[in-house]
Amino acid sequence: MHDQRLPHQRPRTARTIFPSPIGRQRTRFSLTLVGAAIAMLGAGSIASCDADRATGPSAEAIATGRDIFRFDTFGDEKFWTDTLRMHEVIQAAVTPGVALSVGLKVDADALPQAVKDALAAGEVDLNSTATTLALLKMSAVVGLKGDVQTVNGRDTLLRVGTTCALCHSTVDDSFAPGIGRRLDGWANTQLDPGAIIALSAALTSEQKAVYNSWGPGRYDPRYNIDGQNTPVVLPPAYGLHGVAKETFTGDGPVSYWNAYVAVTQMHGQGNFTDPRLGISIEQEPDLVTSKLPALRDYQLSLRTPKPPAGSFDAAAAQRGRAVFTGAAQCASCHAGSTLSDINSGKLHAPSETGMDPRYAARTAEKAYRTTPLRGLFQHAPYFHDGSAATLADVVAHYERTLDLSLSTIQRRDLIEYLKSL
Ligand code: HEC
Ligand code: HEC
Numbered sequence: 199m200h201d202q203r204l205p206h207q208r209p210r211t212a213r214t215i216f217p218s219p220i221g222r223q224r225t226r227f228s229l230t231l232v233g234a235a236i237a238m239l240g241a242g243s244i245a246s247c248d249a250d251r252a253t254g255p256s257a258e259a260i261a262t263g264r265d266i267f268r269f270d271t272f273g274d275e276k277f278w279t280d281t282l283r284m285h286e287v288i289q290a291a292v293t294p295g296v297a298l299s300v301g302l303k304v305d306a307d308a309l310p311q312a313v314k315d316a317l318a319a320g321e322v323d324l325n326s327t328a329t330t331l332a333l334l335k336m337s338a339v340v341g342l343k344g345d346v347q348t349v350n351g352r353d354t355l356l357r358v359g360t361t362c363a364l365c366h367s368t369v370d371d372s373f374a375p376g377i378g379r380r381l382d383g384w385a386n387t388q389l390d391p392g393a394i395i396a397l398s399a400a401l402t403s404e405q406k407a408v409y410n411s412w413g414p415g416r417y418d419p420r421y422n423i424d425g426q427n428t429p430v431v432l433p434p435a436y437g438l439h440g441v442a443k444e445t446f447t448g449d450g451p452v453s454y455w456n457a458y459v460a461v462t463q464m465h466g467q468g469n470f471t472d473p474r475l476g477i478s479i480e481q482e483p484d485l486v487t488s489k490l491p492a493l494r495d496y497q498l499s500l501r502t503p504k505p506p507a508g509s510f511d512a513a514a515a516q517r518g519r520a521v522f523t524g525a526a527q528c529a530s531c532h533a534g535s536t537l538s539d540i541n542s543g544k545l546h547a548p549s550e551t552g553m554d555p556r557y558a559a560r561t562a563e564k565a566y567r568t569t570p571l572r573g574l575f576q577h578a579p580y581f582h583d584g585s586a587a588t589l590a591d592v593v594a595h596y597e598r599t600l601d602l603s604l605s606t607i608q609r610r611d612l613i614e615y616l617k618s619l
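Be aware that the sequence shown starts at 199, since it is given in my numbering, and climbs by one per residue.
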């Protein structure tokens, strides 16, 4: 009975809550690791998956992809549990209060009504790790998947892993701050992945210092590969339909990057090879590759969210569009319907737009992709390294580096246009 309710909850609600869905869905992953070898999954083979989209994906493929995006760990428990021992940390110290403070989100739709009522009435102890375990058991913590079982009569977190939703989903706060409906594809600008990883006792103090240096909304997806530390902002995963190449440096199409992240960052079990980066990983069974097409279909189905009503001046935005294409010369790179010239194969040397060259230097292409402008209201700060805190800072940056001379009104209109995208 204990495992059926949140700690410190009044008995009134105890009987009606917590059907335990995750217990039944429990999945076991084979942990066989064959080791690094030359893999067949090169950027080329993935590129060809992205080509056959003429007919559009089925609703079924999209739904499958959504489940993968939200709930699939690709067997990465071998890292988050066996290596980092995060299950011990969570159980010992990560109360819901701590979880929310590092930007983790709770999916209100996964909570039974009785739990919502108890939360609303302030009857749930947010300072108890037992509550965190109860939430994990209900699959309610966005991007984390826990295997909670009863051991000696107590809820115990046996294994924990991460999913894509960790960094690329948030919630709408409709229930409470940090608790609401999922917003897939939205960058979780409050999530502090470095601070979460740094909770692990399995790291050196030097590693912890690096992870703790990133701050909310930032992550370095190459630190564990090359040892360098130039974190980038967590980008949104929506609005990528029709964009030929993903990542800030245009390293490859969606599925290339998904495989990279799933295998090298989440530490899922699968294959990823890129000779340009000197990476060749092959693990059996491969729990990643077969899921890439549906995962891609789901991501490409995620539309850019519309800016909230009243968040920009529509008439000024209309005029700002003319500034964007005219006086400010933005459209020379932010071209076409995606507002990026990446589809014509162009990448830009960091110096062209006054960008810090260090991150690009660590990537396959060594140059920056013109970011497809989308949902800018949602994911400040801007540029790969978050060096522009606001859209006004973005415009000021370009005025300096491109030597533009905009009037005060042009500048303001241009900013309103950017807010409208
Ligand atoms: C720990 C946080 C984290 C997780 C987990 C994560 N990503 Fe990302 N993702 C990032 C970062 C950081 C970048 C930016 C890297 C770059 O552009 O060089 C990124 C980039 C992307 C992009 C490119 C966006 C663009 O503008 O081109 C897509 C698409 C994406 N991720 C999808 C996924 C999918 C699918 C998964 C699960 C397989 C996933 N991510 C897991 C942090 C994460
Ligand atoms: C020479 C090509 C070029 C021109 C001209 C250009 N941009 Fe960019 N833009 C880029 C590149 C490349 C990036 C990615 C840089 C990075 O992330 O470090 C970018 C990024 C951005 C971003 C960040 C988007 C995000 O999601 O973080 C904004 C906003 C933006 N540009 C707006 C503009 C505006 C406004 C103008 C005109 C004043 C302009 N750009 C002119 C190439 C260009």
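Built from N, CA and C at the ideal position, the CB exists for glycine as well. Everything numeric in this text was worked out from a predicted model, so none of it was measured.
- In the three-state scheme derived from DSSP, where H, G and I count as helix and E and B as strand, G359 is classed as strand.
- With a beta-carbon spacing of about 6 Å, A565 and H546 fall inside the 8 Å limit used to define contacts.
- Burial check for V593: the Cβ neighbour count within 10 Å reaches 16 or more, so the residue is buried.
- Taking D382 as reference, the option from S326, I395, Q497, A316 with the minimal CA-CA separation is Q497.
- In this structure, the straight-line span from the alpha carbon of L619 to that of S605 is close to 22 Å.
- In the DSSP assignment, R352 forms a beta bridge with V349.
- P505 and F575 have their C-alpha atoms roughly 6 Å apart.
- When the Cα atoms are used, I607 and D601 turn out to be separated by approximately 17 Å.
- According to the DSSP assignment, I423 belongs to the alpha helix (DSSP H) that extends over 421-424.
- Listed in chain order, the non-local C-beta contacts of L589 below 8 Å within the same chain comprise L574, A578, Y580, I613, L616, K617, local neighbours out to five positions each way being set aside.
- Between G534 and E321, the alpha-carbon positions lie close to 53 Å from each other.
- Segment contact: the region 358-374 against the region 294-312, three or more CB-CB distances shorter than 8 Å; contact assigned.
- Going by DSSP, V369 is part of the beta strand (DSSP E) stretching over 367-369.
- For V340, the secondary structure class from DSSP, reduced to helix, strand or coil, is coil.
- Taking C-beta atoms as the reference points, V287 and A393 fail to come closer than 9 Å.
- If you check the C-beta of H582 against ligand 1, you find a heavy atom less than 8 Å away.
- Within the region 400-442, the complete alpha helix (DSSP H) segments of 4 residues or longer fall at 403-411, 421-424, listed in chain order.
- In this chain, the alpha helix (DSSP H) harbouring S299 covers 294-299.
- Contact between L302 and V346 fails: their C-beta atoms lie close to 16 Å from each other, not under 8 Å.
- With a contact defined as Cβ atoms closer than 8 Å, T536 and G378 miss out at about 29 Å.
- The closest heavy atom of ligand 2 lies 8 Å or more from the beta carbon of Y417.
- With a cutoff of 8 Å, L432 counts as near ligand 1, since its C-beta is closer than that to a heavy atom of the ligand.
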